[in-house]
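In this note's numbering, the protein residues as written are -10 to 342.
We treat Cβ as the ideally placed atom computed from N, Cα and C, and that holds for glycine.
One structure is given below, encoded as structure tokens.
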Amino acid sequence: MPNFQLLAVAADNFLHDVSTLSPASPSTEWIRFLFYFVTAVGAFILAVVWGVLFYSLVRFRRKRNIRSSGEEQPTSAATEPPQVYGSIPIEIAWTVAPGIIVLLLTLVIVRTEMEVRVRQPKDLAGAHAVTAAVVGHQWWWEYIIKSDGDKTIDVVTANEIHLPAGSDNEEKAKSRPVYLTLESADVCHSFWVPRLAGKTDLIPGRVNEMWFETTEPGLYVGQCAEYCGAQHANMLLRVYIDTPEEFAAWLENEMKPAVNDAGQAEGQRAFMTQSCVNCHTIRGTQAHGKFGPDLTHLAARKTFAAGMIELNRDNLRKWIGDPQKIKVECLMPAFGLSERNVNLITDYLMTLK
Ligand code: CUA
-10 MPNFQLLAVA ADNFLHDVST LSPASPSTEW IRFLFYFVTA VGAFILAVVW
40 GVLFYSLVRF RRKRNIRSSG EEQPTSAATE PPQVYGSIPI EIAWTVAPGI
90 IVLLLTLVIV RTEMEVRVRQ PKDLAGAHAV TAAVVGHQWW WEYIIKSDGD
140 KTIDVVTANE IHLPAGSDNE EKAKSRPVYL TLESADVCHS FWVPRLAGKT
190 DLIPGRVNEM WFETTEPGLY VGQCAEYCGA QHANMLLRVY IDTPEEFAAW
240 LENEMKPAVN DAGQAEGQRA FMTQSCVNCH TIRGTQAHGK FGPDLTHLAA
290 RKTFAAGMIE LNRDNLRKWI GDPQKIKVEC LMPAFGLSER NVNLITDYLM
340 TLK
């Protein structure tokens, strides 16, 4: 059942720049340089090969040689170019030249690899780094912020993460590198925000690492880049790079328990007495489920269902009524809630800023 309003919102992710050719982090700058460099070397070789080829085609083409009788004379051996066998200078030239090209490419690739690779945690001390864990689920992202500078934090959120921008202001230059560990709760996924970093896979039973840093605040979007099942295409990434002040404010709010609005007591009761609590956590309440996204500050997000849908009352109400109509095969079933309960729960969740 297509829902065009929802589709239009999902497309929002694709209005943003997702080109690896507009890097916003040192590692992606290296990746772009590598791309241009390899392309240039390849283009140079192509130009040389085609140059020689076309020169030979023209220079040594068979020439018509008409006798006075009008009869065509066959090409004689005398008109062919000299045939060369076993020339040592030529052998050396076409061995050494490709050798130099391969060496050059190897050096640039190794250098890029070193720049992209995660530095050791000991380099983190005093670096104003933010560390977080990313857990891939079918089909959403869990984020656990672990530390901010030397403050240890343990705050869980889902699908939209905020991180700080560094400053390139000469006087108070401060880099804010971000270190992520990546794990999977089920199948293989891949974390790919093209402007911030290369792809890193999330593999069951393994912890991978990546890092990036940027000085440009803004929304960076991406996409799960490893086929992970029916809703792989709707496993979108949204990374908000905030100014340090905005980030501090966001983090402070995320660390608080959920808003407890007395006016929503009925909706809260409806949520707590239904199956919702088995899968979802709302900190500060008796909902401690770990299977689905943490909803403590759901209403502070712009989207839900892994960036698929804009978060507003109408969309959330449709989702709670029957998620399968929106995200087929997602792991949240329709619970057959009454219209009244759907409305109560929706109103309650919309207060969780
Ligand atoms: Cu997760 Cu594809």
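Say yes only if the C-beta of residue i is nearer than 7 Å to one or more non-hydrogen atoms of the ligand CUA, and no if none qualify.
{"i": "residue 217", "result": "yes"}
{"i": "residue 213", "result": "yes"}
{"i": "residue 357", "result": "Residue coverage of the chain in this structure runs from -10 to 342, which leaves residue 357 outside it and unanswerable."}
{"i": "residue 224", "result": "yes"}
{"i": "residue 125", "result": "yes"}
{"i": "residue 151", "result": "no"}
{"i": "residue 239", "result": "no"}
{"i": "residue 286", "result": "no"}
{"i": "residue 5", "result": "no"}
{"i": "residue 401", "result": "No statement about residue 401 is possible, as the shown extent of the chain runs from -10 to 342 and does not include it."}
{"i": "residue 221", "result": "yes"}
{"i": "residue 269", "result": "no"}
{"i": "residue 117", "result": "no"}
{"i": "residue 277", "result": "no"}
With a threshold of 8 Å on Cβ separation, who are the neighbours of residue i within its own chain once the five nearest residues in sequence on each side are excluded?
{"i": "residue 248", "result": "340, 341, 342"}
{"i": "residue 183", "result": "7, 8, 9, 17, 211"}
{"i": "residue 302", "result": "335, 336, 339"}
Can you tell me whether DSSP reads residue i as helix, strand or coil?
{"i": "residue 336", "result": "helix"}
{"i": "residue 150", "result": "strand"}
{"i": "residue 249", "result": "coil"}
{"i": "residue -9", "result": "Only weak support is given to the placement of residue -9: the predicted model assigns it a pLDDT of 48, under 50, and the value that follows is read from those uncertain coordinates. Looking at residue -9 - three-state DSSP - the assignment turns out to be coil, as it is neither helix nor strand."}
{"i": "residue 5", "result": "coil"}
{"i": "residue 140", "result": "strand"}
{"i": "residue 310", "result": "helix"}
{"i": "residue 257", "result": "helix"}
{"i": "residue 326", "result": "coil"}
{"i": "residue 342", "result": "coil"}
{"i": "residue 241", "result": "helix"}
{"i": "residue 16", "result": "helix"}
{"i": "residue 39", "result": "helix"}
{"i": "residue 103", "result": "helix"}
{"i": "residue 181", "result": "coil"}
{"i": "residue 292", "result": "strand"}
What residue from the options has the CA that sits closest to residue i's CA?
{"i": "residue 225", "options": "323, 33, 180, 189", "result": "180"}
{"i": "residue 352", "options": "325, 4, 279", "result": "Any answer about residue 352 is impossible in this case: the structure gives the chain only from -10 up to 342."}
{"i": "residue 240", "options": "108, 120, 94", "result": "120"}
{"i": "residue 220", "options": "209, 286, 256, 294", "result": "294"}
{"i": "residue 15", "options": "41, 88, 101", "result": "101"}
{"i": "residue 213", "options": "22, 135, 125, 136", "result": "125"}
{"i": "residue 322", "options": "281, 332, 290", "result": "281"}
{"i": "residue 275", "options": "257, 43, 122, 305", "result": "257"}
{"i": "residue 172", "options": "166, 82, 288, 192", "result": "192"}
{"i": "residue 243", "options": "147, 48, 81", "result": "147"}
{"i": "residue 310", "options": "265, 297, 296, 284", "result": "265"}
{"i": "residue 329", "options": "217, 318, 306", "result": "306"}
{"i": "residue 177", "options": "217, 286, 143, 95", "result": "217"}
{"i": "residue 222", "options": "165, 250, 296", "result": "296"}
Within a Cβ cutoff of 6 Å, which residues of the same chain sit near residue i, ignoring the five residues on either side of it in sequence?
{"i": "residue 246", "result": "272, 273"}
{"i": "residue -10", "result": "Confidence is the limiting factor: at residue -10 the pLDDT is only 44, short of 50, which leaves the residue's position unreliable, though a coordinate-based value still follows. Contacts found: 314."}
{"i": "residue 5", "result": "210"}
Spatial neighbours of residue i within its chain, please: C-beta separation below 7 Å, excluding the five flanking residues on both sides.
{"i": "residue 343", "result": "Since the displayed the chain opens at -10 and closes at 342, residue 343 lies outside it and no answer follows."}
{"i": "residue 97", "result": "23, 26"}
Is the shortest distance between the beta-carbon of residue i and the beta-carbons of chain B less than 8 Å?
{"i": "residue 220", "result": "No chain B is part of this structure, which consists of one protein chain only."}
Open item on the list: Using a Cβ distance threshold of 8 Å, determine whether the segment 149 to 157 contacts the segment 223 to 237, with at least three qualifying pairs required.
Closed with: yes
Task: the segment 190 to 201 touching the segment 131 to 140, judged by at least three CB pairs closer than 8 Å - done: no
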